[in-house]
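Counted the way my numbering counts, the sequence shown spans residues 1372 to 2034.
All residues carry an ideal CB built from backbone N, CA and C; glycine is no exception.
Data first, discussion second: the structure below is written as C-alpha cells.
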Amino acid sequence: MKRTEGYIQGMSMRLKISLISSCLISVVMLLSFLILLAIIRQKQIEDIASHSINLSKQVVSSPAVRSYLEEQLNAPSRESIEQYLHSLLEGNPYVDELTLIDHFGKIPFRIEQQQVKQNKKTPLRAYLSIQDVISSQKPSLNEESWEYFVPLSLNQNTFWGAMRLRWRPEATWMYFDLLKKGILCVCGGCFIITFIFTYLFLLRSYTSEYSRMVKTLSLISGSDYSQRIDIHSFSRHVSEIGVFLNRLLAEIQTEKKKVAGLDESLRDIEKSYANYRKLLEMKTKELNTCRKEMRQGILILFDLLWCGVVVIDDTYRIHYINEKAERLLRFARFEEDVIVDETLKNCLAPLVRYDTVERIEDLCVWSQTDQQRSVSCRIRATSIPADDHLRLFYLLLNEESGFPRQRDSMYFSERLVIDILARGRSDKETFDSLHSSQQVVGFAIENRFRECLRRIEDFRNLECSQFGQIVPIRLAAWLQKRFEADDLFSENLNIVTMMQEVDITMYVPELCLRELIDSAIFLITYLSGNGNNGAMKTLAVRASVDSRGKPVVTFTIPHISRKDTHNLQDVFGERGRLICESGEEKQLSLDELEHDICVSLYLCIKKIMKIKTDCIYSENKQLATLRFTIEKHIFPTPSSEMPSQAETVQEVRDLVRDYLKRA
C-alpha cells in the first residue's frame, strides 16, 4: 500500500490529469452502453413475449387443435396435429421447441425443429415449474433457460394449461454476450485513445508555457532581479504562478538592496573601527605620556612644597623623601630605605596594609630620653593614582606646634595636594570630580588649578609682606581696564563698570587691589547660589568716593534672595566660618577649597588695607548692594634717594613661584 502511494505521489501532474479525464470519459461511455444494453434487452423480452403470444393464439385458434385437446369425438388424429404444429415452427428463426402442457402437468405434444445444428452446444436449462405457471396463469419468461410459458384457454372461462416455447441461443444470450464484449472493447479503446490524446495535449500545452517561463527565469537568474515575468502571455493558473514569482523577485531585490546597504554600513563600521583603534592607540600613548609627566610634575611639586613629603608603597619601601621629611623623621627607624618604625607603621596600617580608609591624619611623637628631646609630627597620608598595579602612598609631614592650626598659605597648599591632586582614585575619576565641581567659573580645569596656585602664591607674598611695587592707581579707570582685559569671569558673568565724574588716585599695591576684587567676585558668585542655577547674568561694579574722600568699590547684585544676602554679610563681616572648619575632616572639592582660599585671602587684605564692608538688601527689587570702603588707600612710598624695599631686604626664595615659572 505504501509502495502504491509512493508511485502515485511520484506521478507527474500531467499524467494524473490524463488518467482522471480518461477514466471519467470511459466510465461515462460504459454507463451509456449499459443503459443502452438494458433498453435493448427489455425490447428483446417484449418481442419474445409478443411473438410467443401470437404463436399461442395461432395454436388455440385452430379448431382441429382445440377439438383434439378437448377430446371431442370428431377430433382429428394426433399425426395431423403434429404436422400442423411442425408447420408453425418450420422456418421460425427464434423458437426451437414448442411444448403443450395441460393443467395436470401432462405433455400431449412436444415439437422440435429438425434443422438444429449438430455442433451447437445446448446450454443447461433450468425448467420453470408448471405449478408456478398454472397457479399464476400469466405469461412468464425464465431468463436463465430462455423458456417462455404462455397460459392456454380453450374457452373464455376455462383454463386448459400452458404452452412452453424454447428460444434459440442465437436469439437470446449469445447475442447479448457479444454485445457485452463489444461494449467492453469499445470502452477500453476509448479509454486508451482518450488518455493518449489528453496526455499529449497537456504535455504540449504545459511544456510550451513551462519552456517560456524557464527561459525567462534563466535570464533572471543571472543576478538581474529587476526583470519580471509577463503574466499576460500565460494561462490563468500559470499566470498565478508568475504572480507569486514576481513577488519573490521583488522581495529578493529588496533584500539584496538591504544586504548591499548592510555591507556598506559594515565597511563603514570597519573603517571607523580601524580609525578608532588608531585614535585609541594615539590617546593611550598620550595618556601614558601624561601620566609620566604627571608623576614627574608631582615629584617636582613635592620638591617645591614647604612641608615634608614621603612616597612609599604597600611594603613601606620609600620611593621619595625630601630634606624636611628626613629632618622630621630623624628619630624614626629605617633599614635600607624601608620603614621599620612601629609607631609610623601602626599609624599607616589602616591605609597601607588593610586598605580600610582613604586618608589618614594623625599625630606621631618620637622621643629621645637620653637627649631629652622629642619630635611631634602631624602626618597626613593618602594614595597616589599610578599608571601600573603598584600601590603608592604619599605622606605630608608638618612639625606640630599646637592647636588650633593657622589657616595660612602652607595649610592650603597641603589641602590642594591632599584633596585635589590625588584622591586615591583613578585619573579619570579625579578629572570627572574636578569637572563636576566646576560651578563658579567657566574656564578649563587646568586654568582653575593654576589660579588656585596663583592665589596661594599671592597669599604667601602677603604673609611675607611682599606687596610689590606701589604705583598710583585711578580706581575707576583701573576697574574698567581690568575687566576688559581679563576674561576670568567672562563666560558666566557680564560685569558692568560704571564711571563717576569724580575719580580718586590711590597709592596702593596693585597685588592687594587685584586680589581684593577677584576674591570678592568669586565669593559673591559662590555664595549667591548663582553658580549652580545661573540666575545672575550681570554684576555691576562701580567706583566712587564717599563724603570723607575715601575710595569706595560698590557691587550691585541682582536676583538674590535674603538668605544668600545673609551669607554674604556673614563672610564679609568676619562672622562666617571656613568650610574646612565645619567640624568634619572631609575632602574638599575644588570650589570649596577655592572658597576657603578666597575668604582667608580677603581677611588678610582687609587687615592690610583696613577695609570697611557694608551690605544693603532691597526686598522689593531683590537687589543687594555690597560696599567696600578702603580706609588705607595711600601707602608710604620710598624716596628716590633711598633704595627700594626689594633691594634692601634679601630676596627669599619662593618655591611656588619657582614651580609656576618652571611649568
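To the nearest angstrom, how far is it from the Cα of residue i to the Cα of residue j?
i       : j       : result
Ala1435 : Asp1467 : 23 Å
Asn1818 : Val1924 : 27 Å
Glu1800 : Glu1881 : Low confidence applies here, because Glu1800 scores a pLDDT of 44, under 50, leaving its location unreliable; read the following figure in that light. Distance between the alpha carbons of Glu1800 and Glu1881 is about 39 Å.
Glu1785 : Ser1915 : 39 Å
Ser1403 : Pro1479 : 47 Å
Met1665 : Pro2007 : 44 Å
Ser1971 : Lys1852 : 26 Å
Glu1945 : Ile2005 : 24 Å
Glu1453 : Ser1421 : 23 Å
Glu1611 : Lys1552 : 46 Å
Ala1533 : Tyr1439 : 15 Å
Leu1767 : Thr1727 : 20 Å
Asp1708 : Asn1693 : 13 Å
Arg1885 : Leu1637 : 59 Å
Phe1566 : Arg1481 : 56 Å
Gln1940 : Gly1920 : 25 Å
Ile1388 : Ala1621 : 33 Å
Glu1450 : Leu1469 : 16 Å
Ser1960 : Thr1909 : 26 Å
Phe1926 : Cys1969 : 17 Å
Cys1823 : Thr1753 : 21 Å
Ile1640 : Arg1618 : 32 Å
Arg1537 : Ile1416 : 13 Å
Val1746 : Arg1701 : 9 Å
Lys2003 : Leu1894 : 22 Å
State yes or no: is the C-beta of residue i within less than 8 Å of the C-beta of residue j?
i       : j       : result
Ile1979 : Cys1883 : yes
Asp1829 : Leu1761 : no
Met1584 : Ile1563 : no
Leu1964 : Leu1787 : yes
Ser1427 : Leu1525 : no
Arg1535 : Ile1472 : yes
Phe1943 : Leu1997 : yes
Thr1876 : Pro1843 : yes
Ile1396 : Cys1556 : no
Phe1999 : Ala1891 : yes
Leu1994 : Asp1935 : no
Val1723 : Tyr1765 : no
Val1682 : Leu1763 : yes
Would DSSP call residue i helix, strand or coil?
i       : result
Ser1397 : helix
Phe1814 : Any reading at Phe1814 needs caution, since the residue's pLDDT is 45, under 50, leaving its predicted position unreliable; the model's value is listed next. Three-state DSSP puts Phe1814 in coil, outside helix and strand.
Asp1874 : coil
Arg1919 : coil
Ile1600 : coil
His1966 : helix
Gly1532 : strand
Val1842 : strand
Pro2014 : For Pro2014, the pLDDT reaches just 39, beneath the cut-off of 50, and the residue's location in the model is therefore unreliable, although a value from the coordinates is still provided. Coil.
Lys1387 : helix
Pro1880 : strand
Phe1702 : coil
Tyr1687 : coil
Val1711 : coil
Asn1717 : helix
Asp1733 : strand
Arg1762 : coil
Return the Cβ separation of residue i and residue j in integer angstroms, given the expectation that the two are a contact with Cβ distance under 8 Å.
i       : j       : result
Gly1679 : Ala1696 : 3 Å
Cys1558 : Leu1401 : 5 Å
Asp1967 : Ile1982 : About 19 Å; that fails the 8 Å criterion.
Tyr1519 : Ser1432 : So it is not a contact: roughly 19 Å between Cβ atoms.
Cys1889 : Ala1847 : Looking at the sequence shown, residue 1889 is not Cys but Asp. The pair is not a contact, with the Cβ atoms about 18 Å apart (cut-off 8 Å).
Cys1359 : Glu1732 : In the structure as shown, the chain starts at 1372 and stops at 2034, and residue 1359 therefore has no counterpart that could be examined.
Arg1539 : Tyr1465 : 6 Å
Gln1484 : Leu1460 : 5 Å
Please name the residue in the options whose C-alpha comes closest to that of residue i.
i       : options                               : result
Trp1737 : Val1723, Leu1722, Cys1718 and Arg1730 : Cys1718
Glu1713 : Phe1893, Asn1693, Cys1735 and Ile1689 : Cys1735
Lys1992 : Ile1968, Arg1933, Ser1432 and Thr1984 : Arg1933
Ser1780 : Tyr1765, Thr1753, Arg1825 and Ser1745 : Arg1825
Ser1918 : Cys1823, Leu1459, Gln1429 and Ile2001 : Ile2001
Ser1393 : Gly1632, Phe1568 and Pro1510          : Phe1568
Ser1836 : Ile1931, Ile1976, Ile1987 and Asn1769 : Ile1976
Pro1929 : Ile1841, Pro1922 and Ile1987          : Ile1987
Trp1531 : Ala1446, Gly1613 and Glu1442          : Glu1442
Val1912 : Tyr1878, Phe1854, Tyr1691 and His1937 : Phe1854
Counting only C-beta atoms, is residue i closer than 8 Å to chain C at any point?
i       : result
Arg1885 : In summary, chain C is missing from the structure at hand, where a single protein chain is found.
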